[in-house]
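Asks: Please see the structure below; I have some questions.
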Amino acid sequence: MRKTKKIPIAFPKLKIGIIGFGNIASGLAGGMVKKKLALPSQFMVYDIHHVRNDIAKNKFKFRVAKNYKDLCQNSELILLAVKPQNTSECLRRLKGLIKQHHLIISTITGVRTKDYQRVLGSKTRVIRTMPNTPVLIALGATVYFANKNCSDHDKHICERIFKSLGIIFETKKEIMLNAVTAISGSGPAFVYTYAHSVIESAVKLGLPRPLATELVYQTLIGATRMMSQMPIPVEDLIKQVTSKKGTTLAGLRVLHRKNFAKVIHSCMSAATRRAKQLSKVPVNNH
Ligand SMILES: NC(=O)c1ccc[n+]([C@@H]2O[C@H](COP(=O)([O-])OP(=O)(O)OC[C@H]3O[C@@H](n4cnc5c(N)ncnc54)[C@H](OP(=O)(O)O)[C@@H]3O)[C@@H](O)[C@H]2O)c1
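Reading the sequence shown from the start, the letters are residues -3 to 282 in our numbering.
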């Protein structure tokens, strides 16, 4: 009988604290355990909701912190995943608890590394990430910015975590995270909106909803794989489907006439502007 090779835990000694155990944090932590980056016993969670803490304890087998102090005393890596509007409160409670040995990895939209440093101390090691929800199925796209207090090892930890759940890139320009928020952070919602519109259109054109849904999902999967696996530019893939006087051309002409590219650019620009605005909302220091 062939023996299955035991995969060693990548960070067996790292103590991981999580503040805000919602969609993103539970997806990341679950993925880290599944991909053998850490064991459940290495995690400690704090969420303001008992329900979320109970999920962490009963489903994930993580420890639940009594409070922020308990969490900070029992962690080296602290993952922050509260909503932007809860950040001031979260940082106020963290103030004075963050020491030199802590590495903060934040997924919070719009809060700049200098805001964390202003509240938690100028020496704080902060990595700001912008993931997206497909991290929940290990197909995420993440971009991160590390402040200058972070070491290469800190970046390595961050990259290992997010690489196990998709792809990750580093940016040296924090400002770029605003456009990243629009393109990949919010991106899945734009794709879902497209899918929803096509399904509704298919139903209007007489297809049964279950068939329309399956066709749209499979077309998106197929087209996405073609884009990522075929070594040709996307413009050529469009040409591959478009024949003279054919159906694709008839449809594409409408998209051109209705300024599809301009509409998409307005959508991305609005989301980028909103990310910029969020990053200017002051994070209170008291
Ligand atoms: N979801 C996405 O697609 C996505 C993509 C990229 C980045 N992000 C960013 O990632 C962060 C987390 O997003 P999410 O979708 O996972 O949010 P979420 O599901 O709302 O999870 C956040 C959790 O933190 C709790 N919380 C609020 N204030 C807290 C505090 N002071 N201390 C501890 N816990 C607190 C929340 O409770 P309440 O429900 O009562 O607030 C909630 O249970 C956000 O900043 C978001 O902008 C999200």
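Note that beta-carbon positions come from the ideal geometry of N, C-alpha and C, so glycine has one too.
Kindly give me the distance between the Cβ atoms of Thr109 and Asn143, rounded to whole angstroms, as I take these residues to be in contact under 8 Å.
Replies: Within the sequence shown, numbered from 1, the residue matching residue 109 stands at position 113. Within the sequence shown, numbered from 1, the residue matching residue 143 stands at position 147. 4 Å between Cβ atoms; contact.
Asks: Would you call the CB atoms of Phe17 and Val41 closer than 7 Å?
Replies: What you label residue 17 is simply residue 21 of the sequence shown in a count that begins at 1. What you label residue 41 is simply residue 45 of the sequence shown in a count that begins at 1. Result yes, Cβ atoms of Phe17 and Val41 sit closer than 7 Å.
Asks: How is Met126 classed by DSSP in three states: helix, strand or coil?
Replies: On the sequence shown, residue 126 is found 130 positions in, with the first residue counted as 1. Strand at Met126.
Asks: Could you give the distance in angstroms between the alpha-carbon of Arg89 and the alpha-carbon of Leu201?
Replies: By 1-based counting over the sequence shown, the position of residue 89 is 93. By 1-based counting over the sequence shown, the position of residue 201 is 205. Taking the straight line joining both Cα atoms gives about 55 Å.
Asks: Only counting the same chain, and skipping five residues up and downstream in sequence, which positions put a Cβ closer than 7 Å to that of Val279?
Replies: Taking the sequence shown and counting its residues from 1, one reaches residue 279 at position 283. Hits under 7 Å: Thr83, Ser84, Leu87, Val107, Asp111 and Val115.
Asks: In whole angstroms, give me the CA-to-CA distance for Val78 and Gly26.
Replies: Within the sequence shown, residue 78 is the residue found at index 82, counting from 1. Within the sequence shown, residue 26 is the residue found at index 30, counting from 1. If I take the Cα positions, the gap works out to 17 Å.
Asks: Tell me, which residues are paired with Ile14 by DSSP?
Replies: Residue 14 sits at position 18 when you count from the first residue of the sequence shown. Answer by DSSP bridge pairing, in chain order: Val41 and Leu75.
Asks: With 16 as the cutoff for other CB atoms within 10 Å, does Asn19 come out buried or exposed?
Replies: Numbered from its first residue, the sequence shown carries residue 19 at position 23. Exposed: under 16 other Cβ atoms inside 10 Å.
Asks: Which same chain residues, not among the five before or five after Leu245, have their C-beta less than 6 Å away from its C-beta?
Replies: Within the sequence shown, the letter at position 249 stands for residue 245. Here the set comprises Thr238.
Asks: Measure the alpha-carbon distance for Lys151 versus Lys258 and round it to whole angstroms.
Replies: Counting from 1 along the sequence shown, the entry for residue 151 is found at position 155. Counting from 1 along the sequence shown, the entry for residue 258 is found at position 262. In a straight line, the C-alpha of Lys151 is about 37 Å away from that of Lys258.
Asks: Quick one: measure Cβ to Cβ for Leu76 and Ile94, integer angstroms, because I've assumed they're closer than 8 Å.
Replies: Here residue 76 corresponds to residue number 80 of the sequence shown, with the count starting at 1. Here residue 94 corresponds to residue number 98 of the sequence shown, with the count starting at 1. About 11 Å separates the two Cβ atoms, so there is no contact after all.
Asks: Distance, Cα to Cα, Pro36 vs Asp148?
Replies: On the sequence shown, position 40 is the one that residue 36 refers to. On the sequence shown, position 152 is the one that residue 148 refers to. Those two C-alpha atoms are separated by around 25 Å.
Asks: Could you check whether Ile157 and Ile123 sit closer than 7 Å to each other, using their CB atoms as the reference points?
Replies: Working through the sequence shown from its first residue, we reach residue 123 at position 127. Working through the sequence shown from its first residue, we reach residue 157 at position 161. Their beta carbons are not under 7 Å apart, which means Ile123 does not touch Ile157 by this criterion.
Asks: So, using beta-carbon positions, are Ala266 and Ser182 closer together than 7 Å?
Replies: Position 270 of the sequence shown, counting from 1, holds the residue named residue 266. Position 186 of the sequence shown, counting from 1, holds the residue named residue 182. Against a cut-off of 7 Å, the Cβ pair of Ser182 and Ala266 comes out as no contact.
Asks: Kindly indicate which residue of Ala191, Gln113 and Val199 has the alpha-carbon position closest to the one of Thr215.
Replies: For the purposes of this step, residue 215 is identified with residue 219 of the sequence shown, where counting begins at 1. For Thr215, the nearest C-alpha among the options comes from Ala191.
Asks: Hey, would you say Leu73 sits closer than 7 Å to Leu99, going by beta carbons?
Replies: Your numbering for residue 73 matches position 77 in the sequence shown. Your numbering for residue 99 matches position 103 in the sequence shown. In contact: Leu73 and Leu99 (Cβ atoms closer than 7 Å).
Asks: Tell me Gly136's beta-bridge partners as DSSP assigns them.
Replies: On the sequence shown, residue 136 is found 140 positions in, with the first residue counted as 1. In the DSSP output, where bridge partners are listed per residue, Gly136 has Gly162.
Asks: Suppose contacts are defined by Cβ-Cβ distances below 7 Å. Is Met28 in contact with Ala21 by that definition?
Replies: Along the sequence shown, one-based indexing puts residue 28 at 32. Along the sequence shown, one-based indexing puts residue 21 at 25. Contact: no.
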